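Just add 527 to wherever you are in the sequence shown, counting from 1, and you've got the working numbering. From the three backbone atoms N, C-alpha and C, an ideal C-beta is built for every residue, glycine too. Nothing here was measured: the structure is a model prediction, and the numbers come from that model. Report on the structure given below.
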Amino acid sequence: GEYRGTLEEIQRMGFQRVRIDRILYHIEEALQKTLARYKKHDIEVVVDRLVIEPEIDKMRLVDSLEQALKIGKGIVIVSAKEGKKSKDLIFSELFSCPICGFSLPEIEPRLFSFNSPYGACPSCQGLGEKLVFDPELVIPNKNLSIAEGAIFPWARASHKVGRQRFFWYMLENMAERNRIDLYKPIKELEKEELDLILYGDGIFEGVIPWLERRYKETDSEYTREELEQYMVEKKCEVCKGKRLKKEALSVKFLGKSIDEIVEMEISKLKEFFEKVLREKKIPEEKIKIVQPILKEILNRLSFLIDVGLDYLTLSRRADTLSGGEEQRVRLATQIGSGLSGVLYILDEPSVGLHARDQNRLIQTLKKLRDLKNTVLVVEHDPQTILSADWVIDIGPGAGKHGGKIVFEGTPKELLKSKTLTGEYLSGRKKVEIPKGKPPEKEEFLIIKGAREHNLKNIDVKIPLRKFVCITGVSGSGKSSLVNDILAKALMKKFYRAKEEVGDHDEILGTEKLNKVVIVDQSPIGRTPRSNPATYVGAFSFVRQLFSQTREAKIRGYTPGRFSFNVKGGRCEACQGQGQIKIEMYFLPDVYIVCPECKGKRFNKETLEIKYKGKNIAEILEMTVEEALEFFKNIPPLYQKLKTLYDVGLGYIELGQPAPSLSGGEAQRVKLAAELSKKATGNTLYILDEPTTGLHPDDIKKLLFVLRELVNRGNTVLVVEHNLDVIKNADWIIDLGPEGGERGGEIVCEGPPEKIIQCEKSYTGKFLRKILKA
């Protein structure tokens, strides 16, 4: 049989005895024995036999053990015989369990890195998540039957599998075998019946296994993208989202595996390591090795705590950090370096910080300064500005109205100055807008059992047709509630989004909404072709006007001639971008002005057509303010442009390339686009920290826009730390009381007047000061 070769190899090596399935045989006897081919057998080589006595030959014992370990690949069995009984003692020189055989490779740092194939979970390649087909996306309409096309991928033009005879024949056969009616609506099928359709019965492959196979086998990028519409990111079932292979997770430090350590809040983790040193939990002989490592860990954790990130965990993914958090992580790294003579440039480090945590950040910046460094901060936060040694105020307005130094000096001198910043800081000007009328009928959107991340199974009532603010200290659970649960659940319901929704029971009241709009600070477009005029729909009116001019009609030009997105009127050298992209490979791409059209975007013939003495390129170079005056007699175009002016963007050019807009500007362009649409009401607008990058005067304009949206019968939900925004809200939901594990609860809710009376609320404490002022 298959084992004969193994026994012959043992004989060639010169060994006389073997043990097969715990029975001792002479090698000749073993070779005569017939072993069952398809059964597992334990075959062990008897390397030596020794009698235990005081004068035992130690050299022979050592040699025999070394030989046994070599043959056994690191494992040796010592069988001690006592009378007729024998007892096996298993010894190993490997990182392995001699009982069950589980073994580890050599323990080294890369074993604990999910970026290394040596340590990463082989199932998800260290990502902790996998793309899987979601039955809800595969069968979105439960009112249809299978025969009517309920399986959505099959109903698509490139997936006419339902009509391929073989697959349909297999499905019909399976349905017949299991007595499933394929003409019955999906909602009326039993769960077991639907599972057989989706996952098969052994003979029929099943819809989801078929989609998975198609996804793995296809070489077409188009097919892959199309199939990804029916997939969602889910936690890896092998590593349970821990990203590492089981060998790495089996190693413990004082009873904790690496995933348990990195899942601890930074403040708790610091306490854990301090306790290790304080209580001397490590043996004396090992403390010298561990001490310098622990010292480095504690130093780095302290830096993160100093910049207000004590509520984070070390396992937190970088792409889930806010801009402010990311910047503060980098800031902590710099403090740790201890360098001096460095110029540090920070762009709004206070983003995402509650008023309570601002002081810690300011102290950190002062610590950098005291190390003989220069700290240059671009900031709108009053607390940070007033803590500076020197302030440079640029203005007086924005865009073409700015670019001048209107003030430089100490914060005290700034308070006395007549600049716009000085007026707001001194309190001579305030961010106040009139409150709207309360809705006729009180209705709510209710999130039940919210428990994503640190949320404590809370029920949250969001009043509709009001301006609602979600507040709380950093890490209190605001983003988990709004972004991870509410936004993702509503995007999935209304637009079939595929991101996994945060942990909760249900959301009630969604039938009272017509649509959901998430107005974030992401760019309005990735290329120079996107611009404010196209985004709000104003440019289509401009093109229409040019096509109706006398010269354009003579030449037969249509509105398409004046588009830089299609061939005909655009400059083909840059394909209507006005710029040419130079790929830098290992660096970000660089754009240079097109040498052919000199940035005008259109060809010579198109630029010869003029409206009121200006060609299409000159129109795109106008600011919104200039365009309002120029097109004041064209009502539909004027209204579109007026929305851009109303959100405080009168200074930007109509054709300003999307990549050159700041996050705050991009967000306001999106709001302008919403204002320009026909008011339908019952829309939920979600904004996460919309005041990022905004001066108090811009915040005032933003609040007027948000109030206008509410006055049209919509709900505006804002996650915000800015006290000027919070005080103007109709309703506040304050989460906390602290960040991380000590947060995730509703501290108080109600209008601002009620929040300032809440003693437990940090938001209430700081809001009280600003309302009294």
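ask   = Out of Glu593, His1222 and Val1274, which has the shortest C-alpha to C-alpha gap to Asp920?
value = His1222
ask   = What are the complete beta strand (DSSP E) segments, minimum 3 residues, inside the region 1256-1297?
value = 1258-1263 and 1272-1277
ask   = If you run the structure through DSSP and keep just helix, strand and coil, what is Gly829?
value = It is worth fixing the name first, because residue 829 is Ser in this sequence and not Gly. In the structure shown, Ser829 sits in a helix (DSSP, three-state: H, G or I).
ask   = Around the Cβ of Cys1275, are there at least 16 other Cβ atoms within 10 angstroms (buried) or fewer (exposed)?
value = buried
ask   = Skipping 5 residues on each side, what residues in its chain have a beta carbon closer than 7 angstroms to that of Glu1148?
value = Glu1180 and Gly1182
Endpoints, the alpha helix (DSSP H) within which Asp1225 is located = Pro1223 to Asn1238
query = Taking the C-alpha atoms as reference points, what is the distance between Ser1003 and Ser829?
reply = 20 angstroms
request  = Would you identify the three-state DSSP class for Thr998, choosing helix, strand or coil?
outcome  = strand
inquiry  = Please identify the residue among Leu836, Val803, Asn1255 and Ile1213 whose C-alpha is closest to the C-alpha of Ile793.
reply    = Leu836
Contact set for Phe622: own chain, Cβ-Cβ below 8 angstroms, skip 5 residues either direction = Ser630, Leu631, Pro632, Glu633 and Ile634
message = Whole angstroms are fine: how far does the CA of Pro712 sit from the CA of Leu664?
response = 16 angstroms
query = Residues bridged to Thr901 by DSSP?
reply = Leu870
ask   = Could you give the distance in angstroms between the alpha-carbon of Glu1192 and the alpha-carbon of Asp916?
value = 29 angstroms
query = Using the C-alpha atoms, what's the distance from Leu1013 back to Leu1035?
reply = 11 angstroms
query = Comparing alpha-carbon positions, which option in Glu719, Ile673, Phe1066 and Arg546 lies nearest Tyr710?
reply = Ile673
request  = Please determine, among Phe1021, Ala1024 and Gly1029, the residue with the shortest C-alpha to C-alpha distance to Asn981.
outcome  = Gly1029
ask   = For Phe622, which of helix, strand or coil comes out of DSSP?
value = strand
Rounded Cβ spacing between Asp1261 and Pro1278 (contact assumed at less than 8 angstroms) = Their Cβ separation, rounded to whole angstroms, is 12 angstroms, which puts Asp1261 and Pro1278 out of contact at 8 angstroms.
ask   = What is the DSSP secondary structure of His928, counted as helix, strand or coil?
value = helix
ask   = Over what stretch of residues does the alpha helix (DSSP H) that includes Pro736 continue unbroken?
value = Val734 to Glu744
query = Just the Cα atoms here: how many angstroms apart are Ile724 and Gln1166?
reply = 53 angstroms
request  = With a cut-off of 8 angstroms on the beta carbons, I'd call Val1063 and Ala1199 a contact; round off their distance for me.
outcome  = 5 angstroms
message = Among the candidates Ile985, Lys983 and Lys560, whose CA atom is the shortest distance from the CA of Ile547?
response = Lys560
key: Secondary structure of Val659, DSSP reduced to three states   = strand
request  = Pick out whichever of Ile537, Leu558, Gly976 and Val573 has its Cα sitting closest to the Cα of Arg549.
outcome  = Val573
task = Return the CA-CA distance between Pro810 and Leu804, expressed in angstroms with no decimal places.
result = 11 angstroms
request  = Taking the CB atoms as reference points, tell me whether Phe1089 and Phe1073 lie closer together than 8 angstroms.
outcome  = yes
ask   = Applying the criterion that 16 or more other CB atoms from any shown protein chain within 10 Å of the CB defines a buried residue, is Glu1265 buried or exposed?
value = buried
task = Label Asn1058 either buried or exposed according to how many other C-beta atoms from any shown protein chain fall within 10 Å of its C-beta, with 16 as the threshold for buried.
result = buried
Inter-residue Cα distance where the pair is Val1245 and Tyr1212 = 8 angstroms
task = Taking Ile570 as part of the beta strand (DSSP E), name the residues at either end of that continuous run.
result = Ile570 to Val573
request  = Decide if Asn1160 is buried, meaning its Cβ has at least 16 other Cβ atoms within 10 Å, or exposed.
outcome  = exposed
ask   = My guess is that Gly653 and Asn642 are in contact by the Cβ rule of under 8 angstroms, so how many angstroms apart are they, rounded?
value = 6 angstroms
ask   = Among the residues of its own chain, which have a CB less than 6 angstroms from the CB of Gly598, if the five just before and after it don't count?
value = Looking at the sequence itself, residue 598 is Ile, so the reference to Gly does not match. For Ile598, where only same-chain residues beyond five positions count, the Cβ hits under 6 angstroms are Val572.
query = Counting contacts by CB-CB distance shorter than 8 angstroms, is Leu1198 in contact with chain D?
reply = Of the protein chains in this structure there is only one, and it is not chain D.
inquiry  = Taking only three categories from DSSP, how would you classify Arg522?
reply    = Only positions 528 to 1300 of the chain appear in the structure, and residue 522 is not among them; the question remains open.
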